[in-house]
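Residue numbering for the sequence shown follows the UniProt record's numbering, beginning at 1 and increasing consecutively. Scroll down for the structure; my scribbles are underneath it.
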Amino acid sequence: MTRERDLIAWIWRGYLRGHWLKVSAALGLMALEGGMLGLLSYMVKPMFDQVFVAGDRSAVVWVAFGVAGVFGIRALAGFGHRVLMAVVGRRISAQMQSNLLRHMLTLDASYFRDNSPGTLIERVRGDTRVVSSIWSAVLGAAGRDTVALVSLLAVALSVDWLWTLIAVAGAPLLMLPIAMLQRLVRRTTRAARSAAAVISTRLDETFHGINTIKLNGIEEHDRSRFDAVLDRFVGAELRAAAGQAGIPALIDVVAAIGFFGVLVYGGFQIIDGEKSVGEFMSFFTAMALVFEPLRRLGNVSGTWQVAAASLERLHGVFEERPTILSPARPRAVKAEDADVVFEEVSFSYDRDPVLSGLSFTARAGETTALVGPSGAGKSTVFALITRLIEPQSGRVALGETGVEEVDLEALRDRISVVSQETLLFDDTIRENILLGRTDVDDETLREVIEAAHVADFLDGLPRGLDTPAGPRGANLSGGQRQRVAIARALLRDTPILLLDEATSALDAASEAAVQEALERLSQGRTTLVIAHRLSTIQDADRIVVMERGRVVDQGRHEELLARGGLYADLHRLQFAGS
Ligand code: ADP
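Below you can see the structure in the form of structure tokens.
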């Protein structure tokens, strides 16, 4: 749990300080609005004593003007600070969301394995929304309500200090129960925020896995899982709301005690003629009005507790640090550094080793195939080359240069990855190929889409290159998505190419097109292929056979077959099965 003082300091430095002028203007207007309440209660005295009781006709007009003026100023000040605070609140929330995404994008791939997309979406959207609404409440309390409180108490004291004392005598009783309620609100709100994250996660899984759900007939199961977390969420929110509602209720109880005391004591004083009706009404108005800002001030701590639970989480995200970084003094990547070298590389996610002392070299310009049973560690090899993960020991290098010695961006600029689960964005096919690049002329783009066999299917699409690919590329078939990915890679034109070969059932025509496009793509590049179908890699310059994170054999197709090891077994299995 981050301390509140740290949270406030963080928000002030990072966000509020940039808006200090608007915030101060709003505070000024809030104070003005608050002060008007004191003035109003003060005006009640002449209204009663001079106008109603004494029947002074000349006083009617100035008292009426006075009261109208008070309301007029209150209206303007109220409008002004509400608009200002709306601007500040929304700006801060937008800025926070933007900073949050920028920060998250720097974090390691492992962070995104540990935190589901739903949870992260809830951080960026839900928690910042909660936080954006509190500034007007907190500052309103500071600016308007404290001034109102002080000015009203001043009026009350000016009428009679003893009455005032009797009226607020119950206040100290509030301390303990309010503190307890605050703790409850914070705890339940924290529970509600984590339930909200689970809700987003469930929805994310449901919508992504919609076909799995339908095909397995588990709609009911999915719905009841969802209902269970909804229940948890609503329960926590209701407990928090009840806690929040308890604070103003407590204040009302104290108000009741105060009014009772003053009415009994003061009532007799007026009957006895010791006090004027105007004085009593002025006091009564001040006291009636004082409980409203007091209640809001009480409420603000509840509101703050709710926001603090979200702030804490947001702060936690910003505290996360990436461990995979560019070195302080990166070495330049040399053009000739196109060999991919693994030297005694060991890696594990938790305890079980995934790679143990893996060594091999993929020579520049050649095609090296990685072969082995599922779980052998082939995809892990790719993740190490691109530095999505870091080995526990050993060295991964491009030629002479270790991947950790060069700038991360420069490293990834030298590598293209075409994988089975190509992710297309919900944008046009053109944008999915260009990925934001603006330096590509039409001629180059045309060559690329020809070479990747994207051109083959464009004619069948309603708007050609400008057809939307759909969420995650859902409007295209697997083979089409893969060809878009190949076009991306061709355009990137990097010296190193990592192919996670498709096993997904591509139709024969699609497969031939993809295969041909891949061959063209790999020409002249250092290519590593994860081969699932051995038929596609028989011509590879080198085949590295992996099993349980080790290289068990390597060589060309014929050599490996002749040696009769794991490769020959795999080969026999595949060709017997097909
Ligand atoms: P291959 O590509 O050869 O099928 P992988 O490199 O994907 O194998 O996986 C190698 C091993 O690492 C597997 O046993 C798998 O269970 C494990 N593994 C992969 N990703 C993770 C992860 N995020 N956390 C823990 N273990 C993982």
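All residues carry an ideal CB built from backbone N, CA and C; glycine is no exception.
Looking only at THR494, LEU76, ARG239, GLU404, the smallest Cα-Cα distance to GLY365 is reached by THR494.
Taking each of ASP413, ILE166, ILE449 in turn and checking the Cα distance to ARG430, the smallest one comes out for ILE449. In this structure the stretch 270-286 does not lie against the stretch 66-74, because fewer than three pairs of beta carbons, one per stretch, are closer than 8 Å. Looking from the CA of ALA141, the closest CA among LEU32, LYS214, LEU238, ARG395 belongs to LEU32. Only buried fits HIS19, as 16 or more other CB atoms lie within 10 angstroms of its CB. Put simply, the stretch 186-203 touches the stretch 239-251. At least three CB pairs are less than 8 Å apart. Distances taken from the Cβ of GLY377 to the heavy atoms of the ligand ADP include one shorter than 7 Å. It is roughly 6 Å from the alpha-carbon of GLU122 to the alpha-carbon of SER200.
At least 8 Å separates the beta-carbon of SER301 from that of ILE210.
The closest CA to that of LEU294, considering only THR119, ALA148, HIS557, GLY55, is found on ALA148. Cβ-Cβ distances below 8 Å link GLY402 to ARG395, VAL396 in the same chain, with the five nearest sequence neighbours on each side left out; the list follows chain order. In the three-state DSSP reduction, PRO117 falls in the helix class (H, G or I). The C-beta of ALA288 has fewer than 16 other C-beta atoms within 10 Å across all chains shown, which makes the residue exposed.
At a cut-off of 7 Å, the beta-carbon of ARG533 does not count as near the ligand ADP: no heavy atom of the ligand is closer than that. Cβ-Cβ separation between VAL340 and ILE385: approximately 6 Å, consistent with a contact (criterion under 8 Å). For ALA485, the number of other beta carbons within 10 angstroms of its own is at least 16, and it is reported as buried.
Taken in chain order, the complete alpha helix (DSSP H) segments of 4 residues or longer contained in the stretch 505-542 are 508-522. The bridge partners DSSP lists for ASP553 are VAL545. For MET546 against GLY377, the beta-carbon gap comes to about 6 Å, under 8 Å, which counts as contact. Relative to the ligand ADP, the nearest heavy atom lies less than 7 Å away from the CB of THR380. In the three-state reduction of the DSSP assignment, ARG363 falls in the coil class, being assigned neither a helical nor a strand state. Contact check for LEU314 against LEU100 passes: the beta carbons are separated by less than 8 Å. Fewer than three pairs of CB atoms, one per stretch, sit closer than 8 Å, so the stretch 429-447 makes no contact with the stretch 398-413. Relative to the ligand ADP, the beta carbon of GLY372 is positioned inside 7 Å of a heavy atom. Rounded to whole angstroms, the Cβ separation of ILE134 and THR303 is 6 Å, and the two are in contact under 8 Å. CA-CA distance, GLN269 to MET47, rounds to 20 Å. When Cβ pairs closer than 8 Å are counted between the two stretches, the stretch 346-366 is seen not to touch the stretch 310-327, the count staying below three. Put simply, the backbone Cα of SER58 is about 12 Å away from that of PHE65. C-alpha of GLN392 to C-alpha of SER346: approximately 6 Å in a straight line.
DSSP places ASP466 in no alpha helix (DSSP H); its state is neither H nor E. According to the DSSP assignment, LEU461 belongs to no beta strand (DSSP E), since it is labelled neither H nor E. Here the alpha carbon of ILE496 sits roughly 19 Å from the alpha carbon of PRO330.
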